[in-house]
Amino acid sequence: MLGRRADSAFGVLFVLALAVAGTAVLPAFAVAGSGPQPAAAGVGAGGTGCPAAGVAAAGSTGSDASEGAAASRDASGHSLASYPEAPRTDVARGDIAAIQTGIANGRTGTVRIESVDGEFNVSLTFANNDGRKPAILYVNTYLAGNETAVANLAYTAGDNDRVAVADTESVTGAPMPVGAYDVTVETASGTTTQRLTVDEPAVGDLTLLRAPGDRFGELDADEDVAAARASGLISEPPTTDDGPEAALGDTMVYRLNASGFYGLLAAQGGSTSEANFLAAADDGAVDLSITSSGDCESAVDVPGSVDDGTARVIPDPNNETLYVTADLRRVAVRQGLDRGFVGPGRATYAFDARTHVVESNTTTAVDYAVADRQYGYDADGGILVRSAESGQRVAGETNLAPGTNLTIEVAGLDRDYDTSARTTVDDDGTFGVDVDLSDAPNESRFTASIAQIANSQTLLTTGSAAATAVLFEEYEAASSSEADRVENARVALEDGGFLAVYFVPPNEQVTRENLIGRSGYLEPGVHDPTVSLDRPLTDSQNVVLVAHRDDDGDGRFDYPADDSPYRIGGDPVYGVGRVLLDGDGSTPPRDPQYLGVTLPPAEEITGTPVPTATPTDEPTATATPSPTPTATDSDGPVTTTELPPPTLRGTDTPTATPAGTTAPNGTVAPTAPNGTVGPNGTVANGTATVTDGATDGLGPGFGLPAVIVAAVLFGALALSRRE
Numbered sequence: 001m002l003g004r005r006a007d008s009a010f011g012v013l014f015v016l017a018l019a020v021a022g023t024a025v026l027p028a029f030a031v032a033g034s035g036p037q038p039a040a041a042g043v044g045a046g047g048t049g050c051p052a053a054g055v056a057a058a059g060s061t062g063s064d065a066s067e068g069a070a071a072s073r074d075a076s077g078h079s080l081a082s083y084p085e086a087p088r089t090d091v092a093r094g095d096i097a098a099i100q101t102g103i104a105n106g107r108t109g110t111v112r113i114e115s116v117d118g119e120f121n122v123s124l125t126f127a128n129n130d131g132r133k134p135a136i137l138y139v140n141t142y143l144a145g146n147e148t149a150v151a152n153l154a155y156t157a158g159d160n161d162r163v164a165v166a167d168t169e170s171v172t173g174a175p176m177p178v179g180a181y182d183v184t185v186e187t188a189s190g191t192t193t194q195r196l197t198v199d200e201p202a203v204g205d206l207t208l209l210r211a212p213g214d215r216f217g218e219l220d221a222d223e224d225v226a227a228a229r230a231s232g233l234i235s236e237p238p239t240t241d242d243g244p245e246a247a248l249g250d251t252m253v254y255r256l257n258a259s260g261f262y263g264l265l266a267a268q269g270g271s272t273s274e275a276n277f278l279a280a281a282d283d284g285a286v287d288l289s290i291t292s293s294g295d296c297e298s299a300v301d302v303p304g305s306v307d308d309g310t311a312r313v314i315p316d317p318n319n320e321t322l323y324v325t326a327d328l329r330r331v332a333v334r335q336g337l338d339r340g341f342v343g344p345g346r347a348t349y350a351f352d353a354r355t356h357v358v359e360s361n362t363t364t365a366v367d368y369a370v371a372d373r374q375y376g377y378d379a380d381g382g383i384l385v386r387s388a389e390s391g392q393r394v395a396g397e398t399n400l401a402p403g404t405n406l407t408i409e410v411a412g413l414d415r416d417y418d419t420s421a422r423t424t425v426d427d428d429g430t431f432g433v434d435v436d437l438s439d440a441p442n443e444s445r446f447t448a449s450i451a452q453i454a455n456s457q458t459l460l461t462t463g464s465a466a467a468t469a470v471l472f473e474e475y476e477a478a479s480s481s482e483a484d485r486v487e488n489a490r491v492a493l494e495d496g497g498f499l500a501v502y503f504v505p506p507n508e509q510v511t512r513e514n515l516i517g518r519s520g521y522l523e524p525g526v527h528d529p530t531v532s533l534d535r536p537l538t539d540s541q542n543v544v545l546v547a548h549r550d551d552d553g554d555g556r557f558d559y560p561a562d563d564s565p566y567r568i569g570g571d572p573v574y575g576v577g578r579v580l581l582d583g584d585g586s587t588p589p590r591d592p593q594y595l596g597v598t599l600p601p602a603e604e605i606t607g608t609p610v611p612t613a614t615p616t617d618e619p620t621a622t623a624t625p626s627p628t629p630t631a632t633d634s635d636g637p638v639t640t641t642e643l644p645p646p647t648l649r650g651t652d653t654p655t656a657t658p659a660g661t662t663a664p665n666g667t668v669a670p671t672a673p674n675g676t677v678g679p680n681g682t683v684a685n686g687t688a689t690v691t692d693g694a695t696d697g698l699g700p701g702f703g704l705p706a707v708i709v710a711a712v713l714f715g716a717l718a719l720s721r722r723e
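FYI, full-length UniProt numbering numbers position 293 of the sequence shown as 293, with every residue one higher than the one before it.
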């Protein structure tokens, strides 16, 4: 781990809770770089050129032990979080040793600490007043060589025990030198000697872990962190090309392997570990910066976050680690930078050489990635088909950290029903829970969603309800002058098809003439399409998004010729919402008051069907032609059925006529079998001549054929009377 020994690596663990919405990890993670590097002159932490999250290490830091930075601080009430919990007599220079004195309850003794080479020699008196077994003397090797600090935080004891400096025959004016020391304890009952070893400090690598975002508040002490690591609640994230990847909403854990740092923190004399961390950062001794997107944008203001409670500092001196927890949903962001943490990120620790932790200014960093919260449902195309009964399984997977608590919510599309159930993300990223839908209406549509993940709605149906729905509320365009697309819509299509956009006119009556955009073909299932508009909207506008079928199966949107809207109960399936321009204050109402959507099926609007000749036993006059259907205006092709062009009077095209039969005005009139003429100018077994309705002075419809028909009828009547 480190050059000193495997169990002495000092770890600074920065636990960062990336929230959620909204808003957000575990296996072994890859660490950028191979170890600490000297800081480049004039470059921010990590050599990135970004502003450091803490105060830059420049000028006088005031952190050198010889300056007595903590000498004037009152030892009473200071945080012991940086102190080891068990005897520790092999430490790095700058850390805190814990020496078991063996002095009995109510007794006093003398403790002498003397280096083997004679360079360091201090005598102390120790009084065991609280009956603690064993009585522990804490030696801050960062301060012990400072003559002005020896009476304060350099030597301390727990609870009501008391320690005081009796004699300083030799001190170095700096942290205790590396080497071996004899610790002699003299009491009335005898003398004992033990060995204290001070090793070289070292800064190792920085790595990334994660934990559930909803457990941020539970990670309050080193015992909590140790338990979370043992149970797997804190674990390693998956690795990508950008390094370990966490979800936005996870608790991020930045872990620095280093030694020689705890004495520096304790030397600040604050009542909390957070106060000590801030003091060290203010002095420029140590700096932690967190940046996003590979540059300086969205840098977390670490001191500000620690100060306002959105970040926590949790030392674990027994394991030489320091945990700093923070929630990226609420952390302070450096002034002038936008809050945005999705994408590549970098965390960097920088140590100033004047701290004696390192011989020269040193940085160590980890590159990683933050992904949006992701999810998927175990369902065909994402549509959940269930029954209105108890025990209805809702399962899926997510990229949130294992152990994250999830709430599955089911609500009626008409907001007439809701229920929920809780579950937890498993180690492999899956989740599942049985939802009680016994009170849900049958043959109905609902949304199922994950409360911890924004925009996670999918369609859930009971019985044989139609598995089609449009979910849309609002889309805000990036431009302040126009919107050329519609996003943030979700559509569930039972048989595939399209999502079309119609603007809502002032009278709020939407028809096919209001079509302004359509998606490409969408397979059956749930989709989040981007719909480009035929013409941009230049004002904020209400729109209706309609689900259309692909009736002709050509993968092209053809409405109104084909591709009718999906219908439920005779009405189109649609969602209504708003498209807003950035900065436009003229916001339309979220729900139009008198909205009507009239989009008939394609077969009702594409044209007149081809007429069919129908024979009849009754003689009829020469038929008048039906007009040729006219295509209606639309954004797509309209299919029409054309009749044969009529043959008009006065044309050069002759018409075959049986011999001896002459029509009025020189137009030959063919005779059909039984003397009948079909509708729309068609004749059974023949072609009718289409007239223009001209007459020979007998009024409309009284030409020569009518006279002949009348004579035949009159003769038949006379014959019947004679018989």
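Glycine included, C-beta positions come from ideal geometry on N, C-alpha and C.
Around the C-beta of serine 292, are 16 or more other C-beta atoms found within 10 angstroms, so that it is buried, or is it exposed? buried
Determine the extent of the alpha helix (DSSP H) in which residue 724 is found, giving its start and end residues. What is shown of the chain runs 1 to 723, which leaves residue 724 out entirely.
If you run the structure through DSSP and keep just helix, strand and coil, what is aspartate 552? coil
Assuming valine 111 and leucine 137 are in contact, meaning their beta carbons sit under 8 Å apart, how far apart are those beta carbons, in whole angstroms? Valine 111 to leucine 137, Cβ: 6 Å. Contact.
Helix, strand or coil at asparagine 542 [DSSP, three-state]: strand
Which of helix, strand or coil does DSSP assign to arginine 512? helix
For serine 479 and phenylalanine 446, I'd like the C-alpha separation in whole angstroms. 34 Å
Check whether the stretch 459-473 and the stretch 494-501 touch, using three or more Cβ-Cβ pairs below 8 Å as the test. yes
Identify the continuous beta strand (DSSP E) that holds glutamate 169 and give its terminal residues. Run containing glutamate 169: 162-170, per the beta strand (DSSP E) assignment.
Taking 9 Å as the threshold (C-beta atoms), are valine 324 and tyrosine 417 in contact? no
For leucine 278, which of helix, strand or coil comes out of DSSP? helix
Mind checking whether alanine 395 and valine 425 have CB atoms under 9 Å apart? no
Would a C-beta distance cut-off of 9 Å place isoleucine 383 and threonine 461 closer than the cut-off? Yes, the Cβ-Cβ distance between isoleucine 383 and threonine 461 is below 9 Å.
Exposed unless 16 or more other CB atoms sit within 10 angstroms - verdict on threonine 355: buried
According to DSSP, residues forming a beta bridge with valine 531: Val486
Taking the C-alpha atoms as reference points, what is the distance between arginine 195 and leucine 256? 29 Å
Which class does serine 449 belong to by DSSP, given the choice of helix, strand or coil? strand
Note down the Cα distance separating serine 532 from leucine 499, rounded to an integer number of angstroms. For serine 532 and leucine 499, the gap between their C-alpha atoms comes out near 11 Å.
Roughly how many angstroms separate the alpha carbons of leucine 124 and alanine 275, rounded to a whole number? Approximately 29 Å between the Cα atoms of the pair.
Whole-angstrom distance between threonine 398 and threonine 430, CA atom to CA atom: 6 Å
Nearest candidate by alpha-carbon position, reference residue 732, set Asn319, Ala144 and Ile450: Nothing about residue 732 can be read from this structure; the chain reaches only from 1 to 723.
Measuring only the C-alpha atoms, how far is tyrosine 377 from serine 231? Tyrosine 377 and serine 231: Cα-Cα distance of roughly 27 Å.
Who are threonine 458's beta bridge partners in DSSP? Ala448
Grouping DSSP H, G and I as helix and E and B as strand, with all else coil, what is phenylalanine 216? Helix, per DSSP.
Please report the Cβ distance between alanine 81 and proline 315, rounded to the nearest whole angstrom; I am assuming they are in contact, meaning their Cβ atoms lie under 8 Å. That pair is a contact at about 5 Å.
For alanine 164, which residues of its own chain have a beta-carbon under 6 Å away from its beta-carbon, when the five flanking residues on both sides are left out? Thr125
Could you tell me the alpha carbon to alpha carbon distance between leucine 522 and glycine 412, rounded to whole angstroms? 25 Å
Inter-residue Cα distance where the pair is residue 793 and aspartate 484: Absent from the model: residue 793. The displayed extent of the chain is 1 to 723, so no value can be given.
Give the C-beta separation of valine 486 and valine 579 to the nearest angstrom, bearing in mind that I take them to be a contact with Cβ-Cβ under 8 Å. The distance from the Cβ of valine 486 to that of valine 579 is about 6 Å, consistent with a contact at the 8 Å cut-off.
Taking its Cβ as the centre, do 16 or more other Cβ atoms sit within 10 Å of glutamate 245, making it buried, or is it exposed? buried
Let's see if you can read the secondary structure: which residues bound the beta strand (DSSP E) around glycine 577? 574-580
Since leucine 265 is in the alpha helix (DSSP H), which residue starts that stretch and which ends it? 262-266
When the distance is taken between beta carbons, is threonine 168 closer than 9 Å to alanine 97? no
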